[in-house]
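Novice: Protein chains in written order, with numbering that gives the first Met the number 0: chain A, 0 to 288; chain B, 0 to 279; chain C, 0 to 187.
Let me give you the structure first, and then I'll get to my questions.
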Amino acid sequence: MNTTIDARGLVKAYGRHRALDGLDLTSTTGVTGLLGPNGAGKTTLLRVLATVLAADSGDLRILGKDPHDPEGRLHIRRSLGYLPQDAGFHRGFTAFEAVDYVAVLKEHTGARARHDEVRRVLDRVGLSDVANKKVRALSGGMRRRLGLAQALLGTPSLLVLDEPTAGLDPEQRMRFRDLVSEAGHGKTVVLSTHQTEDVAAVCSHVVVVKNGRALFAGTPTELAAVATGRVWVDTDRDPRAYAGWRLGAGTYHHIGDPPAGAQLVDPTIEDAYLLLLGPQVDLEGREVA
Amino acid sequence: MNEEPMSTEWHLDAELAGRYAQGGVSTVLASSVEQHLIRCAACRALLTPTVPAARLDAVWAEVLETVETPRATLLERLLRGVRVDEGTARLVAATPSLRGAWILGVVVVLTLAVLTAHADGNGIALFLALAPVLPMAGVAFAFGPAADPTHEIAAAAPYSSLHLLAVRTVVVVASTLVPIGLAAPFLPGNAWLSVAWLLPALALTVTMLALATRVAPHLAAIGLSALWLAVVIPGLAHSRNALLASELPVQLASLAALTVSAGALLVQRHDLPELFRRTA
Amino acid sequence: MTLTATERPMEEHVTDGDLLSAVADGSTAALESLYRRHASWLTVRLSRRCADPAIVDEVLQDTFVAVWKSAGRYTGQGEPAAWIWGIAIRRLVDAFRRTPPAAYPLYDHVTDLNLIESAEDRVLLGVEHGDLAGALGRLSPELRAVVQATVLDGLTTREAGRLLGVPAGTVKTRMMRARAALRKELAR
């Protein structure tokens, strides 16, 4: 197992706000999922990993190179596929032209070979048949897949995907998971999400991020185990629980510190995630003011 | 000719299909076969094995390449004509905002030049006042996230964003220069006047880029336009000679600004993409 | 209706007309289906009119690029195969205008008219063309080529001239002579 990303104590501040506040991250081949509420610093971290943004301080090695060094940065960029949170394309481009444009930026020389590569990635995300449609005529889900297509150009050894499942319908999400699992084979994928299902489905490694720090890093099974003995069901709502919701059968599912004699149940990734975020969150993982 | 009902009754068999495909049937029989093929999908399918799949695949690849490949625009072909590589030409020419700026710049400058040719000395003064601002505005609005929705992806790509910016700048400036070069011989009076705008234009453009490391490029462009007009408008208002008299100082000042700004850009060249990203 | 990316419109029940309208909507998958259905017989038929396989391939390519561009102009009237052939034969004429063929093997790969005399062929031709077949078979190769280009391939006099490498006027006179000969043959 090769260490693809080795980050120690990353700090990135915007004025007084510290988007990254001493974050550590280690990634190897496979799929690493960043799980965290909005504003936790996931996007900032991914932009740093994509060499778009420089951290203010901390140590960072990506693919063994230093992104601060121009040579190292170039090396990383040549092995990188990046899907930003709002991947945009000129609306007047066709889907083909949009990906072709990125392929030029990614130094795919030779028009013919480049066009073949563009066709390959469009086929991978199931957009071959709309290759000649203008970007403005594509649905939101299709544009999202177009963003994914450009990230796959050149079969990069590091894929950085910011909220790749946002805006996809359930069927597309399933196809996307297949694609990511495949891409993660022998390569490194780092993706952010706030869907715990995504993590359970594709990630070999998960990092819970909050307030610019990593609260947890480990396998999804290890994450779920964090909540062992902290999840119980009861016939009434327990106000002391961090989080709780009503189950279909008229019982309540609770996360927190169980009272003596509570009926404990096996925790899920979601339980552990909510537990880690602490009592100040609602069920969508948004922080409560 | 009542061949319609009959034609449905006879069909090719594999043997005849093979013989037809190899040119082994007479012209007259071939004609009959061909008339039949037009109407019969089943018999057309009999011919599928007679042509090597690899040959058809090769032709199909060419069809797809032609059909899907974006057509080279005039600008792109011009760029490739002056030995800009295919990829860079695509990047520059395919940017709609740049295409817009380019066309606008050419149209405005050309119109000004034509007007100038038919106006009195004030026409030249007006032309000299406005022409330098146009390439700068074109460049200011041709880079950054506002002009380029693919900006964030481009920032993570190995292609040098600085190289791209430089090529775009050259294209915008050159594209306004060409119509002027064509119009210059037709301008009345001193031919020097028709190119006197060039140095201020370059100075404004490069200074705008140098400022763009600190403030947003469009703000830099607006500020510099105001400054430039403050210098040239008084001359324009009083008498046409006022502008002409200030020419040498203006040209020298432009040269100085160009040198300083280019130097500043050169010193910071490794950090420029990062600096531009912060401001743009 | 547009075809979504997951559908591969190769199914039998999709007609050529459906495919053409999907192509007009910008579907390259539909264009590919159309190509898979028609490329073989077009190649064979073109090869009978042009001995150079490189030119045949080029014409086939031009044909489907033209189908892509003008699929919207297909009215839904008549056989799509005939419409596509109409494009192909005109592309061949264009190709010959660019590079005139050295020799004219056109329409006349095989001049062995004995083939017609086989029992099987006589039955086939009797069904398709009756006495006309025999009459055509006895025309000289030059006259027969003109009849084929104009009557069977539907080319104009000028296009037929380009295809055959003779002036349009010659096509006209040969056509007149062919008609006269055929009339005489059929009257016998």
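Glycine included, every Cβ here is placed at the ideal spot set by N, Cα and C.
Under three-state DSSP, which class holds A16/B?
Specialist: Residue 16/B sits at position 17 when you count from the first residue of the second sequence. Here A16/B sits in helix by DSSP.
Novice: Grab me the residues of L113/A's own chain with a C-beta within less than 8 Å of its C-beta, minus the 5 sequence neighbours each way, in chain order.
Specialist: Taking the first residue of the first sequence as position 1, residue 113/A is located at position 114. The amino acid at residue 113/A is misidentified as Leu; the sequence shows Arg. D99, A102, V103 and H107.
Novice: So, is the C-beta of S127/A closer than 8 Å to a C-beta in chain C?
Specialist: If you number the first sequence from 1, residue 127/A lands on position 128. Interface residue, yes.
Novice: Which residues, in chain order, does the region 73 to 84 of chain A contribute to contact with chain B at a C-beta distance below 7 Å?
Specialist: Those residues of the region 73 to 84 of chain A that come within reach of chain B (Cβ to Cβ, closer than 7 Å) are L73, R76, R77, L79, Y81 and P83.
Novice: Using DSSP bridges, identify the partner residues of S191/A.
Specialist: For this step, residue 191/A is matched to residue 192 along the first sequence. L33/A.
Novice: On a CA-only basis, which of R173/C, G133/C, A87/C and T169/C is nearest S46/C? Give me that one, please.
Specialist: Locating residue 46/C in the third sequence gives position 47, counting from the first residue. Among R173/C, G133/C, A87/C and T169/C, the Cα nearest to that of S46/C belongs to A87/C.
Novice: Could you compute how far the alpha carbon of R135/A sits from the alpha carbon of G91/A?
Specialist: Looking up residue 135/A in the first sequence gives position 136. Looking up residue 91/A in the first sequence gives position 92. Approximately 7 Å, taken between the alpha carbons.
Novice: Take K133/A as the anchor and find which of G25/C, S32/C, G75/C and A144/C has the nearest alpha-carbon.
Specialist: Taking the first sequence and counting its residues from 1, one reaches residue 133/A at position 134. Closest option to K133/A, Cα to Cα, is G25/C.
Novice: Does A148/A come within less than 8 Å of chain B when only Cβ atoms are used?
Specialist: Working through the first sequence from its first residue, we reach residue 148/A at position 149. For A148/A, the answer is no, since every Cβ of chain B falls outside 8 Å of its Cβ.
Novice: Starting from K41/A, follow the alpha helix (DSSP H) in both directions and report where the run begins and ends.
Specialist: Translated into positions along the first sequence, residue 41/A becomes position 42. Per DSSP, K41/A belongs to the alpha helix (DSSP H) from K41 to L48.
Novice: Cβ closer than 9 Å: which chain B residues qualify as neighbours of F95/A?
Specialist: Your numbering for residue 95/A matches position 96 in the first sequence. Result: E67, T68 and P69.
Novice: When you compare only the Cα positions, how much space is there between G137/B and A80/C?
Specialist: Counted from its first residue, the second sequence places residue 137/B at position 138. Counted from its first residue, the third sequence places residue 80/C at position 81. Roughly 51 Å between the two C-alpha positions.
Novice: If you draw a straight line from the alpha carbon of L280/B to that of V166/B, how long is it in whole angstroms?
Specialist: An answer regarding residue 280/B cannot be provided, because it is not within the stretch 0 to 279 covered by chain B.
Novice: Taking contact to mean at least 3 C-beta pairs separated by less than 8 Å, is the region 15 to 25 of chain C in contact with the region 14 to 30 of chain B?
Specialist: No: the two stretches stay apart, fewer than three of their Cβ pairs being nearer than 8 Å.
Novice: Counting only beta-carbon atoms, is E184/C nearer than 8 Å to chain B?
Specialist: Walking along the third sequence from the start, residue 184/C turns up at place 185. Output row for E184/C: interface = no.
Novice: Could you pull the start and end residues of the alpha helix (DSSP H) that F215/A belongs to?
Specialist: For the purposes of this step, residue 215/A is taken as the residue at position 216 of the first sequence. No alpha helix (DSSP H) holds F215/A; the beta strand (DSSP E) holding it covers R212 to G217.
Novice: Measure the C-alpha to C-alpha separation of A38/C and R54/B and round it to an integer number of angstroms.
Specialist: Locating residue 38/C in the third sequence gives position 39, counting from the first residue. Locating residue 54/B in the second sequence gives position 55, counting from the first residue. Cα to Cα, the separation comes out at about 10 Å.
Novice: Give the range of the alpha helix (DSSP H) segment to which A252/B is assigned.
Specialist: Taking the first residue of the second sequence as 1, we reach residue 252/B at position 253. Here the alpha helix (DSSP H) through A252/B covers E246 to V266.
Novice: Using a Cβ cut-off of 8 Å, pull out every chain B residue sitting near P69/A, in sequence order please.
Specialist: As a position in the first sequence, residue 69/A is number 70, starting the count at 1. H269, listed in chain order.
Novice: Give, in chain order, every residue of the region 22 to 45 of chain C whose Cβ lies closer than 7 Å to some Cβ of chain A.
Specialist: Under the 7 Å Cβ criterion, the region 22 to 45 of chain C contributes G25, S26, T27 and A28.
Novice: Can you check whether the C-beta of L264/B is within less than 8 Å of a C-beta belonging to chain A?
Specialist: One-based indexing of the second sequence puts residue 264/B at position 265. False, the Cβ-Cβ gap to chain A never drops below 8 Å.
Novice: Short check: CB of A6/A to CB of L82/A, under 8 Å?
Specialist: Numbered from its first residue, the first sequence carries residue 6/A at position 7. Numbered from its first residue, the first sequence carries residue 82/A at position 83. No, they are not a contact pair.
Novice: Does DSSP classify G168/C as helix, strand or coil?
Specialist: Position 169 of the third sequence, counting from 1, holds the residue named residue 168/C. It is helical.
Novice: Which residues of chain C have a Cβ atom closer than 7 Å to the Cβ of A20/B, listed in chain order?
Specialist: Numbered from its first residue, the second sequence carries residue 20/B at position 21. Under the 7 Å cutoff, chain C gives V43.
Novice: How would you call G77/C, buried or exposed, if buried means at least 16 neighbouring beta carbons within 10 angstroms?
Specialist: To locate residue 77/C, count along the third sequence from 1; it is residue 78. The residue is exposed, with fewer than 16 neighbouring Cβ atoms inside 10 Å.
Novice: Kindly say whether F95/C, judged by its beta-carbon, lies nearer than 8 Å to any beta-carbon of chain B.
Specialist: Translated into positions along the third sequence, residue 95/C becomes position 96. Chain B contact via Cβ: absent.
Novice: CB-CB under 8 Å to V92/C, same chain, minus the five flanking residues each way: which ones, in chain order?
Specialist: In the third sequence, counting from the first residue as 1, residue 92/C sits at position 93. Once the five neighbours on either side are set aside, the close Cβ partners of V92/C are L154, E158, R161 and L162.
Novice: On a Cα-Cα basis, can you pick out the residue from T68/B, A88/B and T65/B that is closest to R76/B?
Specialist: In the second sequence, counting from the first residue as 1, residue 76/B sits at position 77. The residue with the shortest Cα to Cα distance from R76/B is A88/B.
Novice: Taking Cβ positions, are G168/C and P99/C nearer each other than 8 Å?
Specialist: Residue mapping note: residue 168/C aligns to position 169 of the third sequence, counting from 1. Residue mapping note: residue 99/C aligns to position 100 of the third sequence, counting from 1. Not a contact, by the Cβ cut-off of 8 Å.
Novice: Just verifying my parser: in three-state terms, what is the DSSP assignment at Q84/A?
Specialist: Against the first sequence, residue 84/A aligns to sequence position 85. Here Q84/A sits in coil by DSSP.
Novice: Is there at least one Cβ from chain B nearer than 8 Å to D56/C's Cβ?
Specialist: The residue you call residue 56/C lines up with position 57 of the third sequence. Yes - at least one Cβ of chain B is within 8 Å of the one on D56/C.
Novice: Between the Cα of C49/C and those of F63/C, V150/C and R89/C, spot the shortest distance and give me the residue it belongs to.
Specialist: Here the question's residue 49/C lines up with position 50 in the third sequence. Nearest option by C-alpha distance: R89/C.
Novice: Take every Cβ of the region 58 to 77 of chain A, pair it with every Cβ of the region 211 to 223 of chain A, and state whether three or more of those distances are shorter than 8 Å.
Specialist: No, the region 58 to 77 of chain A is not in contact with the region 211 to 223 of chain A.
Novice: Provide the residue(s) that pair with D58/A in DSSP beta bridges, ordered along the chain.
Specialist: Residue mapping note: residue 58/A aligns to position 59 of the first sequence, counting from 1. Per DSSP, R7/A.
Novice: Within a Cβ cutoff of 8 Å, which residues of the same chain sit near M207/B, ignoring the five residues on either side of it in sequence?
Specialist: Here residue 207/B is taken as the residue at index 208 of the second sequence, counted from 1. Cβ neighbours of M207/B beyond the five flanking positions: M135, V138, A139, P216, A219, A220 and L223.
Novice: Any C-beta of chain B within less than 7 Å: which residues of the region 137 to 168 of chain C qualify?
Specialist: Hits within the stretch, in order: R143, Q147 and L151.
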